[in-house]
Structure formats: C-alpha cells, structure tokens
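Colleague: Numbering (this note's numbering), first residue to last: 24 to 503.
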Amino acid sequence: MALKLYNTLGRRVMDFVPIEPGKAGFYGCGPTVYNYAHIGNLRAYVFDDLLVRTLRYLGYEVSHVMNITDVGHLTGDDDSGEDKMLKSAAERRESVLDVARYYTDAFFADTDSLNIEKPNVICKATDHIPEMIALIKRIEEKGFTYSAGGNLYFDVSKFPTYGELAMLKLDELQHGARIDVDKHKRNPMDFALWFTKSKFEDQALQWDSPWGRGYPGWHVECSAMSMKYLGDNFDIHAGGIDHIPVHHTNEIAQSEAATGKRWVNYWLHNEFLVMGSSKMSKSAGGFITLKTLVDASYSPLDYRYFLLGGHYRSQLQFSYDALDSARASRKSLNDRLLAIKAKVGSASIPPASGLGKAATARLDAFKLALEDDLSSPKAMAELWGLLKDQSIAPAEALAAAYDMDRVLGLGLKQLEEPVGADPELLAWVESMIEERKQAKANKDWAKADAIRDELKLKGIVLEDNPSGTKWRLMDTGVRS
Ligand code: AMP
Ligand code: ZN
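1) Is the number of C-beta pairs between the stretch 280-297 and the stretch 65-83 that are closer than 8 Å three or more?
2) Which parts of the stretch 41-85 are runs of the beta strand (DSSP E), unbroken and 3 residues or longer, counting only runs that do not cross its ends?
3) Under 8 Å by Cβ, that's how I've got Tyr57 and Tyr126 pegged, so tell me the actual separation to the nearest angstrom.
4) In angstroms, rounded to a whole number, what distance separates the CA positions of Lys107 and Leu409?
5) Could you tell me the alpha carbon to alpha carbon distance between Glu163 and Val243, rounded to whole angstroms?
6) How do the stretch 446-457 and the stretch 395-403 stand: do at least 3 beta-carbon pairs fall below 8 Å, yes or no?
7) Let me make sure I understand the geometry here. Which of Arg124, Arg285, Gln277 and Ile259 has the alpha-carbon closest to that of Val94?
8) Give the straight-line distance between the Cα atoms of Arg459 and Ala112, rounded to the nearest whole angstrom.
9) Looking at the secondary structure, which residues open and close the beta strand (DSSP E) in which Asn174 lies?
10) Kindly list the residues whose CB is nearer than 7 Å to the CB of Ala227, restricted to its own chain and excluding five residues on each side of it in sequence; keep chain order.
11) With three or more beta-carbon pairs closer than 8 Å as the criterion, would you say the stretch 372-379 touches the stretch 417-427?
12) Under 5 Å from any heavy atom of ligand 2, by CB: list those residues in chain order, please.
13) Mind checking who Asn273 pairs with in its DSSP beta bridge?
14) At 3 residues or longer, and completely inside the stretch 96-154: list those beta strand (DSSP E) runs for me, N to C.
15) Looking only at its chain, what residues have a beta carbon closer than 6 Å to the beta carbon of Lys181, apart from the 5 residues adjacent to it on each side?
16) Answer yes if the stretch 79-90 comes into contact with the stretch 322-342, meaning at least three C-beta pairs across the two stretches below 8 Å, and no otherwise.
17) Name the two residues that bound the continuous alpha helix (DSSP H) containing Asn488.
18) Going by DSSP, what residue range makes up the alpha helix (DSSP H) through Arg353?
19) Under the DSSP definition of a beta bridge, which residues are partnered with Ile259?
20) Considering only the beta carbon of each residue, do Leu435 and Arg327 sit closer than 8 Å?
21) What is the rounded straight-line gap between the Cα of Trp313 and the Cα of Asp476?
22) By the 10 Å Cβ neighbour count, where 16 or more other Cβ atoms means buried, how is Asn488 classified, buried or exposed?
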C-alpha cells in the first residue's frame, strides 16, 4: 500500500504523491516563543515528528522546516490584540530577544526530552525580514494589496478561492468575523502583511521597508520562510486545526497570489488536546507544561506514549488518570522488552530486513498502520503484539521492536544500555550534582533548582539525604 494521508484541502484521504519521487518537503508551523509550550502545543510537535519519522521509515528523504515566531504574532490571529512577544517582554521586564531566546531554549529542551527529532531547518522570523519584504513586494506587484492607516493589507476579495481550505465562502467567513474589526480594513477578512503606525509605535523590533518602518504580519512569516527553504511549491504543511480558518487560509492566499500557482499539495492538521470540555490553551486555567508533568514524576516519554495512543485526527482527552495508565502500559512494555533483551544476551541481533515470517508479518502490519493516515494506535498495537508473540525468537522480536521504534521514538534502544552503565552520561550526572552542590553552598537556590529540573527532564531524579545526593533513573530504577 502507498502512504495515504488525510488532506484538509479537499477533506479526504489521498495517496501521497511527492513532487519529486523519493523526497518530501515538509513545513510545520513552529512556536511563538513568548511563553512555555503547553502540552496541547506539544501534541502538535509530536504529531509533526510522527509524520517525519514515518516518511523517513518509508524511505523518503525528508526536508523538515520549522519556524520560530519571535515577532508579529498578535493575541488574536486576525490582527487584533497585542503583540504576544511584546506583552511577555513587558511583563518580564526583559528585551523581546531575551524572552525569545529563553523560550526557544525551553521549547527545544521539551522537544528533546520527548524524543522529537530536530527539524532540518529551524528559522527565526527576525532573521528573515528581507525575504518577507521581497514576498510582500511580489504580492503587491500582482495587485492584491492596499495601504490604509499606515499598514499594508491583503485584499481577500481579489483572491477568488479564498477560504477553500476551511471550506467556507467569503461571506460565511465574514459572518463569523469579530465585531471589533480593524477600521482600516476594507473587508473583515483582509489581513496585514506589514504593520507600521497603527500599533505599538514604540516597539523595539522594527525594520525599514517600502511601506514604512514597521514589522511583518504573522502569516507572511510562514509563507516567506517555507518558500525560501522548500520552494514555491512543496509537499506538506501541518499545524493544529485552529490554524485552518485564519492562519493557513491566509498563508495560502498570499503565497498563491504571489506565485499564481498551487503552493502546498497536502495540508495536515492535528486535533486538539482537551481537558474536560475545553481546548488546552495558554489563556485558559488548565495550563499544563511538560515540566508540570515531570514535577509530578512522569517521564516525558509517558506523555509521548499517551499521545501516540490516540489518532492525530481525534480529540484527545487529557487527564492524570489517562496519563497514569499510559505510564503503567509503558512500564510493562519496557519490562517486556528488557526481559526479551536478557534472553538475547550477547547474541547478535539480525537486521530488520532479514527476519522470519512471523516477525516480518508484524513489521508489515506496523507499516500498513502507518500508511493508513499515520495510525499510531494501530502501530502501537503491532508493537505489543510482537512483544507478546511467543512464537517469535527473542533476537528477532528485539530487532523488529527496535525497527518500529524508529517511528515510535519510545527510547527502546536506550533501555538496552541502562544509563548507569554509560560512563559518559554517568560522568555528566556526577558533574551536575557537584555543580548543584556548589550552587547550594553559594545559596544560589535558583541555579540548584534549575540543575535538578534539567536532570529531571532527562529522567534522572535526585534524592538528597544527610550523606549526600543520590540519583536514580525515573523509569528503570537504575541507581547511582
Ligand atoms: P502556537 O504557539 O499558539 O502557534 O501553537 C503551536 C501549535 O500548537 C500550533 O500548531 C497550534 O495549532 C497547536 N495547538 C494549540 N493548542 C493546541 C491543543 N490544545 N491541542 C493540540 N494542538 C494545539
Ligand atoms: Zn504558520
């Protein structure tokens, strides 16, 4: 079977046919770095990772591009409200760039501990202002823009297929538009390509442009950066479903207005992580970060396991009970794997391509599950089936499990070499403990806590007692 993906553009499952055989260009909308990612946001990035790992598993050479939004994203996606970065910087009394740096680092610490592979290109909006200006010029030359109140807007009435992705007609979109719309807009759905005087005149981040000194709109960032790294037409673009009606709809309009042709072939959107009846969001009360979970002694991989247990196109209910059962399942999965590993001992592990009938059948079913619009729950069920199948020789089961983990990313190979036995990591943990001891001696409690947290993110828990500090691995119980 060929890989099938549900394309939001057209609302149906389609065969994935790449532009260039064997290659896949993929752009996933990255974070706006004004705060920590919450676990709902992280669902979007684990989904991106599932997609990228699946494409690679199926043999595609993937070019994965992700942006970091550090300017221009307002609290309302429709150009309303304040700039998220400026608001956060003012609250923290720090510069926008310091805030961006801090939360970018925090974001990648989270994605690392979730075993999310780093994108091939990570591009910051503030590093790509010339590309954005060049793209806006192209759009302007084609006659899709107008200036009002000092800003340059995209005129959606000039773009006949506006709203195609959201499957809404312009009048329906207008119907749902906000009442307090920017008075400079001719149409409520028009959006700013470049801001100058209308907002935040005193903001630190401004650039000269043909339309005056100012800064870009949020949507144009993604179009300009994706086109720079992937070309004017590329394979896949992804994000959460909240991006369908505004952000991605606007990205399509401005990109296709500039090029006059189809921009992205497949649009993939992950459903929300919800808590009770509401979507997890930064403004809502239930703001849970990965650190919240780690502080409650869950491993980041328990959360990854929990996410993979749901299909990306279904809403997922978060609760601590559900996370507890994911943790328990992951523990018994790991125990099974370690037991198989013990049976294999020092015998060599065969290559995944040369396994017997039963193990190969499991791998085939696993691949089919992924090809079926990335069904991670079915893929996980195949891993379980493999580990429970007594007819498969331990070395073959191990080989197949490691092969599946190239996609699942549950760290099964690391279980093979407990951290306690890895001298490099052992030395690092010891040096961190020593550094923390020094920090405590200097009464630098913030640093001491930060070191504890950093170790915790790696699954290492510190236990202080009168004779000194001991550490243990959160999952396997390996101790110092
Ligand atoms: P943001 O930093 O707000 O642009 O969000 C980053 C990514 O997280 C985007 O792809 C959003 O669509 C996605 N997202 C936001 N909230 C949730 C949620 N509760 N569940 C899943 N994805 C979400
Ligand atoms: Zn985007």
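Heads up, the beta-carbon is just placed ideally off N, CA and C, and yes, glycines get one too.
Remember, it's a predicted structure, so these values are computed and weren't measured experimentally.
Modeller: Put simply:
1) yes
2) 46-51
3) 6 Å
4) 47 Å
5) 13 Å
6) no
7) Arg124
8) 29 Å
9) Asn174 to Phe177
10) Ser118 and Val119
11) yes
12) Cys52 and Cys245
13) In the DSSP output, where bridge partners are listed per residue, Asn273 has none listed.
14) 144-147
15) Phe167
16) no
17) From DSSP, Asn488 is part of no alpha helix (DSSP H) but of the beta strand (DSSP E) over Ile483 to Asn488.
18) Tyr343 to Val367
19) Phe49 and Tyr289
20) no
21) Just to set this straight, residue 313 is Leu in the shown sequence, not Trp. If you take the alpha carbons of Leu313 and Asp476, they lie about 11 Å apart.
22) exposed
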